[in-house]
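Chains as they are written, first to last, in our numbering: chain A, 12 to 281; chain B, 1295 to 1859.
Read through the structure below, which is laid out as structure tokens, and then see the notes.
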């Protein structure tokens, strides 16, 4: 009896082993995240993590399928009255078949969770020097307010190499602001301000779409993100500022007349 | 005690003959669980047809960039809403918790009927009312197009159409589910035949039982959350309206608090069918049966604390996302043990590749793909990149929709002899199964890649990705796959009709099962199921194919019972 109970304990202790490297890894990652990311952008970090997860699930799947295919081929029925001969499991074997797989799954879960935690921290920690842009979703339009009187619709311009944080809300229903290539999605809704941030490092255009169902023209609610060189951005911004001033001047001149506007967006409504 | 006044369990009432009722009146006013099961099956297959046609229309529309058959967003969104809502609420839940639970479970546990036969009839007619109300959405002028999820504030706006209909359909179907769940839980707890212990129940029974417990716990939350939608919209209560102090996110929390467990309401019963078919085909004991049962039960707590993974990008607090990310990963423990039991059932088995087994194998492969692609979604940070994209859509079609449909149809082919007395052509069964499997993979695998590329869900067009060859190609192939699937479903229909009319006459136990529905009652059981109460020995087990003691019958008050008649 004593030997049996001891063997259970030994078995249990052995099975805790996969947890150790996982926990060690988790703590090491925790430290790594406190340092700066050495030029690793959130999107590159995400892609790295994605590749690792894909490898992880591919290996799991392939191992499982190889075993399954072997069984399916090896144990075909040959005789008419043949029945299965699976061995009767002892209590210890049953315990083993619970604990060992569970520890393996748990080890993998913790490993992925630790990596996911680090990535999450990266994606949800806004750098101090980030530029803020207010985003307002409405049916079916994205409005970007740069905070200096300039606002654009369905066209977002940012300078390269500078983090940008979006403070987002919605005028009507739930929308979801997704920046293709940056792997960030965040819902926008009335009554709350949500946020996401990106680190554009390459000059060029990418797609912005709405990812939460918002009615008849949900699929037409898209825009583009234009990442520009700092000089180009400054030139554009100067021009846009001048335009905005002229526009507001016109509006002040027209203020006595009733004016019906189809654009109900007001980026400053935050 | 004379025969006429015997009040106990006499079986085969009223005339003591096996077989289906003969008259339309008997079919309509039945309280026999098997006939009710068939009503559930007809309702769910009709729903499958409607929702499947909606899917075909959407796939045709998405086949190429630009409008193909409609340019009206409201029309497309109506198809999309009908596809999601009717597939889940009209096809999968009624097929698994209606047909399988009603038709198979009572016979499997040796009961003469459900615990409350009249309540059972009420559930099935509530289901039919719900289905007809849902179909009415196709013809009313202000049809609801707020998706099966019905997120406010869209669903409480005028643009969404008739929110009251949505609330009503969900509540009617929810009532049907709750009545059915109480009934089935009571049946399994109180109506098991003499000698049938908890660990002698077939996996199907365990899985359906667990799914119904989940329904009992969570459906009321769904009913409340959609009722509040209508109160908001028509009476101005403002639970979800931030302008009156409500919160948009409240709905998403309430909705997914039910709707994540609802995934297991569908997943568990079809896993039960996979277990059943694996065990019968391999003539092998379910591998570590007790552990498999406990892992099924473990889904009740495991499903209850993970709802936020449907809303990782909804602006919930980060700490909450990280917590739910971990609890979501923990689902891999019961799920992994269940998968281990499935593959273990094949070990040293004697596998016969019968028609239903092909369908079960297909379901199982889809389930594995779906299970594995669930792992990235569980990680909140990874989900920020693929949330609400085709990757998610592809994942849940694999794990729940297609795996569920394949297992359900496998189950229909498996119980077909008990329904009609005939076996479907093996060739047609296999051919339809294989083509369905190939078709659905051609539909869903490219869409996973498109989703990772950035293609969002619920789009009727993808103009902005017109120059992305991956997405355009994926959409194209997916539409081709949809046609393959369509043909395979037609083939399945042919297999059923052919089997019903011209199929080979089935023997009493064509698959060689040890479960009570095949061994202890007539092929087409009559009302009351068993001639006299059936009794099993302590060492009897539904998956023991080697030395299983035969079930016995109580003596009939006026003669000897004949189990086969």
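All residues carry an ideal CB built from backbone N, CA and C; glycine is no exception.
It should be emphasised that the depicted structure is a prediction, and the values quoted were computed from it without experimental measurement.
Chain-order list of residues whose beta-carbon lies under 6 Å from that of residue 1846 (chain B) (same chain, five-residue window excluded): Closer than 6 Å at the Cβ level, and outside the excluded window around residue 1846 (chain B), lie 1829.
Go ahead and pull the three-state DSSP assignment for residue 45 (chain A). Only weak support exists for where residue 45 (chain A) lies, its pLDDT of 48 falling under 50; the value from the coordinates is given anyway. Reduced to three states, the DSSP call for residue 45 (chain A) is helix.
DSSP on residue 1535 (chain B), reduced to helix/strand/coil? Residue 1535 (chain B) carries a coil assignment under DSSP once its states are collapsed to helix, strand and coil.
Does the region 1497–1513 of chain B come close enough to the region 1413–1423 of chain B that 3 or more CB-CB pairs lie under 8 Å? Flag = no, the region 1413–1423 of chain B and the region 1497–1513 of chain B do not touch.
Determine, for residue 1607 (chain B), whether the minimum Cβ-Cβ distance to residues of chain A falls below 8 Å. Chain A contact via Cβ: present.
Could you run through the region 196–210 of chain A and flag, in chain order, every residue whose CB is less than 9 Å away from some CB of chain B? Taking 9 Å as the Cβ-Cβ cut-off against chain B, the residues of the region 196–210 of chain A that qualify are 196, 197, 198, 199, 200, 201, 202, 203, 204, 205, 206, 207.
Who are the Cβ neighbours of residue 1721 (chain B) in its own chain at under 6 Å, not counting the five residues just before and after it? There are no such residues.
Please check the pair residue 1675 (chain B) and residue 127 (chain A), which I expect to be a contact at CB under 8 Å, by giving their CB distance rounded to whole angstroms. Contact holds; Cβ gap of about 5 Å.
Identify which residue in B:1432, B:1688, B:1619 has its Cα closest to the Cα of residue 1347 (chain B). For residue 1347 (chain B), the closest of B:1432, B:1688, B:1619 by C-alpha to C-alpha distance is B:1432.
Exposed or buried, what is residue 289 (chain A) when buried is set at 16 or more other beta-carbons lying within 10 Å of its beta-carbon? What is shown of chain A runs 12 to 281, which leaves residue 289 (chain A) out entirely.
Report buried or exposed for residue 1640 (chain B), applying the criterion of at least 16 other Cβ atoms within 10 angstroms of its Cβ. So residue 1640 (chain B) counts as buried.
Leaving out the 5 sequence neighbours to the left and right, which residues in its chain are closer than 7 Å to residue 1811 (chain B) when beta-carbon positions are compared? Hits under 7 Å: 1398, 1401, 1402, 1712.
Can you have a look at residue 1763 (chain B) and say buried or exposed, based on whether 16 or more other CB atoms are within 10 angstroms of its CB? Residue 1763 (chain B) comes out exposed.
Using the beta-carbon count (16 or more within 10 Å), is residue 1570 (chain B) buried or exposed? Burial call: buried.
Please report whether the beta-carbon of residue 130 (chain A) lies at a distance below 8 Å from any beta-carbon of chain B. At least one CB of chain B lies nearer than 8 Å to the CB of residue 130 (chain A).
Within 10 Å of its beta-carbon, does residue 1801 (chain B) have 16 or more other beta-carbons around it, so buried, or fewer, so exposed? Answer is exposed; the Cβ neighbour count stays below 16.
Under 8 Å by beta carbon: chain A residues contacting residue 1642 (chain B): Think of a sphere of 8 Å around the beta carbon of residue 1642 (chain B): the chain A residues whose beta carbon falls inside it are 86, 95, 96, 97, 98, in chain order.
Euclidean distance between Cα positions of residue 1754 (chain B) and residue 1372 (chain B): Here the C-alpha atom of residue 1754 (chain B) lies approximately 11 Å from the C-alpha atom of residue 1372 (chain B).
Partners in chain A for residue 1645 (chain B), counting only beta-carbon separations shorter than 7 Å: Here the neighbours are 83, 86, 87, 88.
Just checking: is the beta-carbon of residue 1239 (chain B) within a distance shorter than 8 Å of some beta-carbon in chain A? Only positions 1295 to 1859 of chain B appear in the structure, and residue 1239 (chain B) is not among them; the question remains open.
Could you compute how far the alpha carbon of residue 201 (chain A) sits from the alpha carbon of residue 1365 (chain B)? C-alpha separation (whole angstroms): 29 Å.
Chain-ordered chain B contacts of residue 187 (chain A) [CB-CB under 7 Å]: Going along chain B in sequence order, the residues near residue 187 (chain A) (Cβ under 7 Å) are 1607, 1682.
Cβ neighbour criterion (16 or more within 10 Å) applied to residue 1702 (chain B): With 16 or more Cβ atoms within 10 Å of its Cβ, residue 1702 (chain B) is classed as buried.
CA-CA distance, residue 52 (chain A) and residue 1836 (chain B)? In a straight line, the C-alpha of residue 52 (chain A) is about 57 Å away from that of residue 1836 (chain B).
Tell me which same chain residues have a C-beta within less than 7 Å of the C-beta of residue 215 (chain A), skipping the five on either side of it? 238.
Could you tell me if residue 1323 (chain B) is buried or exposed, where buried requires 16 or more neighbouring beta carbons within 10 angstroms of its beta carbon? In summary, residue 1323 (chain B) is exposed, with fewer than 16 beta-carbon neighbours lying within 10 Å of its beta-carbon over all protein chains present.
What do you get for residue 1326 (chain B), buried or exposed, if any count of 16 or more other CB atoms within 10 angstroms of its CB means buried? The residue is buried, with at least 16 neighbouring Cβ atoms inside 10 Å.
Short of 7 Å Cβ to Cβ, which residues in the region 1430–1451 of chain B face chain A? Within the region 1430–1451 of chain B, those residues whose Cβ lies closer than 7 Å to any Cβ of chain A are, in chain order, 1441, 1445, 1447, 1448, 1451.
For residue 193 (chain A), which residues of its own chain have a beta-carbon under 7 Å away from its beta-carbon, when the five flanking residues on both sides are left out? These residues qualify, in order along the chain: 54, 209.
How would you call residue 261 (chain A), buried or exposed, if buried means at least 16 neighbouring beta carbons within 10 angstroms? Residue 261 (chain A) comes out exposed.
List the endpoints of the continuous beta strand (DSSP E) containing residue 186 (chain A). Judged by DSSP secondary structure, residue 186 (chain A) falls within the beta strand (DSSP E) whose first and last residues are 186–190.
Taking the continuous alpha helix (DSSP H) assigned at residue 1256 (chain B), which residues delimit it? What the structure shows of chain B is the stretch from 1295 to 1859, and residue 1256 (chain B) is not part of that stretch, so it cannot be assessed.
Residue 1730 (chain B): contacting residues in chain A (beta-carbon distance under 7 Å): Per Cβ cutoff of 7 Å: no residues; residue 1730 (chain B) is ~19 Å from chain A at best.
Since residue 177 (chain A) contacts residue 146 (chain A) with CB under 8 Å, what's their CB separation in whole angstroms? About 5 Å; that satisfies the 8 Å criterion.
Using the three-state DSSP reduction, which class does residue 239 (chain A) fall into: helix, strand or coil? DSSP places residue 239 (chain A) in strand when its eight states are reduced to three.
Going by the DSSP bridge assignment, what does residue 142 (chain A) pair with across the sheet? In the DSSP secondary-structure assignment, residue 142 (chain A) is bridged to A:175.
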